[in-house]
Amino acid sequence: MDPDSVDDVGRVPHGSSDDPDVLDLSANINPRVPDGTRRVYRSAFEDARSYPNDAYPAFRAAAADYVGCDPEQIVPTAGGLAAIRLTIGVTVSPGDRVLVPAPSFGEYVREVELAGGEAVVVPHGELLDRDPAEYAMAIVCTPNNPTGECYPTAALRAFADRCEAAETTLLADEAFLGFTDRPSLAGRPGVVVARSLTKLFGLPGLRAGFVVADGVVGDRLRTARPAWSLGGPAAAVGAHAMRDSAFVEETRRRVERERAFLRSGLDTRGFDALPSDAPFVLCDVGESPADLLASCRERGVVLRDATTFRGLDSHVRIAVRDRDATERLFAVLDEVR
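All residue numbers for the sequence shown refer to my numbering, where the first residue is 41 and numbers rise by one.
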């Protein structure tokens, strides 16, 4: 992090509500968790009484099996955002240019600027067409947040090859990739993959994630990672969750089904709901969504104001949950539209 840059960088707005009396559709969190998660968390209490094993062998083995790479390439972090910060921190120097998509996760620009770099923002659909040789790093988000679509696999891999040839680090944020059957870029030369356990496993407060990298960047990540970067209970629960392949497959099928139901109902009600591979749908409501968001909030339903994403001025993002949640949303929309 560049101390001279900190004062000029602001915070980034995010979704989620801590009000237990509302239906929170602003955060893209699985409403279910793997079987046995509570038991593992409770049994890990004693682990919190001492420092964790800083090698994290069980967590790293589970993560490697989960994404399909060597355990030596796994660097544990306290969530996906910590993975992104660590990667940018060991890669971007003051004055470096970084290729960043938009609209996309706002923390990319913030972290690049905190490192003293220059974020060169381009439309996310055009990013793979750019020449990576002009940049120290390129960032992709797949599925992209908030638009929801994945980059085509062949095109993404071709871009990764071009980044490697140009000696440009490619940071692939795969926070939502587990909701799809698309292959990870984990283990690919020159690519750093950031993964989060927050979304797919329904555990945002756990703060567990990891980076996958090899080569020089991988060595830097392993050196720069803070000691005990993942709490003992988080490591135990994370390893347990990633081993539950049946839960992952059931979640994918359920989200695909419920997303289709959500999009159909939104289209019927006059929303322009974009196609999505993610556990959320981006909708263009045709005007400023401020009144809609306020009216829904008054009726106990919270949507994500997507106008905080660069380039969007009439959009909301809606999380895919279960059928009861979606039908409650539709009832509210029928009242306020």
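The beta-carbon is built from N, C-alpha and C at its ideal position, and this holds for glycine as well.
Item                                                                                                                                                                     : Value
Tell me the residue span of the beta strand (DSSP E) that contains GLU158.                                                                                               : 158-163
Distance, Cα to Cα, VAL341 vs PRO172?                                                                                                                                    : 42 Å
Which first and last residues belong to the beta strand (DSSP E) in which ARG197 is found?                                                                               : Note, ARG197: premise wrong, no beta strand (DSSP E); alpha helix (DSSP H) at 193-206.
Across the stretch 107-124 and the stretch 240-260, are there enough close Cβ pairs to call them in contact, namely three or more that are closer than 8 Å?              : yes
Please report the Cβ distance between ALA200 and VAL160, rounded to the nearest whole angstrom; I am assuming they are in contact, meaning their Cβ atoms lie under 8 Å. : That pair is no contact at about 19 Å.
Per DSSP, which residues does VAL341 bridge with? Please list them.                                                                                                      : LEU63
So within the stretch 312-363, which uninterrupted alpha helix (DSSP H) runs reach at least 4 residues, ignoring any that extend past its ends?                          : 330-338
One question on the structure: do ARG356 and LEU333 come within less than 8 Å of each other, judged by their Cβ atoms?                                                   : For the record, residue 356 in the displayed sequence is Val; it is not Arg. Yes; because the gap between Cβ atoms is below 8 Å, this pair is in contact.
Quick one: grab the DSSP three-state call for ARG235.                                                                                                                    : strand
Throw me the rounded Cβ distance for the ASN68 and PRO319 pair, which I believe falls under 8 Å.                                                                         : 5 Å
Taking the beta carbon of PRO186 as the centre, do at least 16 other beta carbons fall within 10 Å, making it buried, or is it exposed?                                  : buried
Could you spell out where the alpha helix (DSSP H) holding ILE128 opens and where it closes?                                                                             : 120-131
Between which residues of its own chain and ALA176 is the CB-CB distance below 8 Å, once the five residues before and five after are set aside?                          : THR131, VAL132, SER133, ASP136, ARG137, VAL138, GLY157, THR208 and THR209
Tell me, which residues are paired with ILE179 by DSSP?                                                                                                                  : LEU211
Use the C-beta contact count for ALA359: other C-beta atoms within 10 angstroms, 16 or more gives buried, fewer gives exposed.                                           : buried
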